[in-house]
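Just so you know, we're using my numbering here: the sequence shown kicks off at 948 and counts up by one. Using N, Cα and C, we set each Cβ at its ideal position, and we do this for glycine too. Down below is the structure, laid out as structure tokens.
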Amino acid sequence: MIADRSELIQKLIQVSYYRLSGYWFPYRNYPEDTFKPDARFSEIWTRYASNRRLRFQLLDGIERIEVFLRSRLVYEFTQRYGAFGYLDPKNFPGISSSNHRILIDKIQKEADRSSEKFIEHFGSKYSDSHQLPPLWMVVELFSFGTTLTFLRGVHFAVRRPIANDLSLDPSVLISWIRSLNGIRNTCAHHGRIWNRQFGDKPLIPKKNPDWKNPIQIRNDRIFGILTIIQYCLNRIASQSKWENRFKELLYSFPSIPIKQMGMPPNWEECPIWKRGR
């Protein structure tokens, strides 16, 4: 490998050999397991740095979607069942009573260990009459995974208007949240995502031509996830500059082969990405 020895040692101390090893597979010979003669550490580091920026980009977009989902879920659910209706397993036909119990236990644990002032205030004032705070409070303690479980479990009539806000079938919405939750967890654990092929593939809306023409959006690469985020932000945060920041990221790392992200050369012609301009 072509590298400055002192820089290489410093970077390996900073990041670790094992973490970087996921980025130098394209630069190695197999089965000899040696580096190719023209392999440059600077290129490997660039890929690592671009993946780090991409993780931040994804987390920012997913956070906006998560906040939207929480807000809409609280409104639709409490309109039908009230502030404490989430404690009743009958209001969750999509999951078993045992899984509902697991859900409530998880919420209880989060509330018990929370240091949020609004949770502490509620506990000191109303704990004699209520097992847990109202939904609009506890939802602020939800992980994205808990939000997914909650949304899966509620009645179709609760999911439908939320999906309608995004012009999606509820089954597609659930599929997207599941995939976004997986990506969020990978990002939170500093995983490699830029060229990874994903096994959990989000559904592509069948009746929306924007996903097929003039380019076919792949659902097994990170560009599919990025397009899902852009699609959602077009509808829930139309003034967002998220797309511009993604383009700036690409311009900052021109050597990154976007094909391995599932991006065709004319990706900007996709109506979903055009709409964000």
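Environment of residue i [buried if 16+ CB atoms lie within 10 Å]
| i | result |
| --- | --- |
| V1014 | exposed |
| N1142 | buried |
| I1066 | buried |
| G1146 | exposed |
| Q1144 | exposed |
| A1135 | exposed |
| I1012 | buried |
| M1210 | buried |
| N976 | exposed |
| F1091 | buried |
| T981 | exposed |
Residue span of the alpha helix (DSSP H) that contains residue i, given as start and end
| i | result |
| --- | --- |
| L1197 | W1189 to S1199 |
| C1134 | P1117 to A1135 |
| W1083 | L1082 to V1085 |
| Y995 | F988 to Y1028 |
| P1218 | P1218 to K1221 |
| Y1178 | I1169 to I1183 |
| L967 | Y964 to S968 |
| K1037 | First-last for K1037: undefined, no H or E at that position. |
| P1108 | F1103 to D1112 |
| L1095 | F1091 to G1100 |
| L1050 | S1044 to R1060 |
Spatially closest choice to residue i from the options, by CA coordinates
| i | options | result |
| --- | --- | --- |
| S1118 | F1103, N1128, I1130 and L1127 | F1103 |
| L959 | E1010, W992 and R987 | W992 |
| L1095 | R1168, S1122 and P1212 | S1122 |
| R1192 | H1137, Q1026 and D1007 | D1007 |
| P1036 | R975, Q1026 and S1045 | S1045 |
| P1040 | P1211, G1100 and P1080 | G1100 |
| I1172 | S1187, I1203 and L1120 | L1120 |
| A1093 | I1042, I1054, P1212 and Y964 | With the sequence shown as reference, residue 1093 is identified as Thr, and Ala is not the correct amino acid for it. Closest by alpha carbon: I1054. |
| S1043 | E1057, F1097 and P984 | F1097 |
| D951 | K1153, A986 and S1199 | A986 |
| I1108 | I949, Q1026 and E1063 | Before going further, note that residue 1108 is Pro rather than Ile in the sequence given. Ranking I949, Q1026 and E1063 by Cα distance to P1108 puts Q1026 first. |
| V898 | G1029, Y1178 and F1069 | Residue 898 lies beyond the stretch modelled for the chain, which goes from 948 to 1224, so this question has no answer here. |
| K1194 | E954, K1056 and Q1004 | Q1004 |
| P1156 | P1218, N1038 and A1184 | P1218 |
| P973 | S963, S1199, Q961 and F988 | F988 |
Expected contact under 8 Å - CB spacing of residue i and residue j to nearest Å
| i | j | result |
| --- | --- | --- |
| W1220 | E1190 | 7 Å |
| I1176 | I1009 | 7 Å |
| L1079 | L1034 | 7 Å |
| S1187 | L1197 | Going by Cβ atoms, the distance from S1187 to L1197 rounds to 17 Å, so no, they are not a contact pair. |
Proximity test, Cβ basis, 8 Å: residue i and chain D
| i | result |
| --- | --- |
| I1172 | The chain labelled as chain D is not found in the depicted structure, where only one protein chain is given. |
- Are the stretch 1146-1161 and the stretch 1114-1134 touching, with three or more C-beta to C-beta distances below 8 Å? Two segments are said to touch when three or more pairs of C-beta atoms, one from each, lie closer than 8 Å; by this definition the stretch 1146-1161 touches the stretch 1114-1134.
- Kindly confirm or deny that the stretch 976-993 and the stretch 1159-1177 touch, where touching means at least three C-beta pairs closer than 8 Å. Contact fails: fewer than three Cβ-Cβ distances are below 8 Å.
- Could you tell me whether the stretch 1048-1057 touches the stretch 994-1014, where touching means 3 or more Cβ pairs closer than 8 Å? These segments do not touch.
- Stretch pair the stretch 1011-1029 + the stretch 1083-1090: three plus CB contacts closer than 8 Å: Verdict: yes, contact present.
- Query: Taking three-plus beta-carbon pairs below 8 Å as touching, is the stretch 1108-1117 in contact with the stretch 964-984?
  - Reply: With the cut-off at 8 Å, the stretch 1108-1117 and the stretch 964-984 do not touch.
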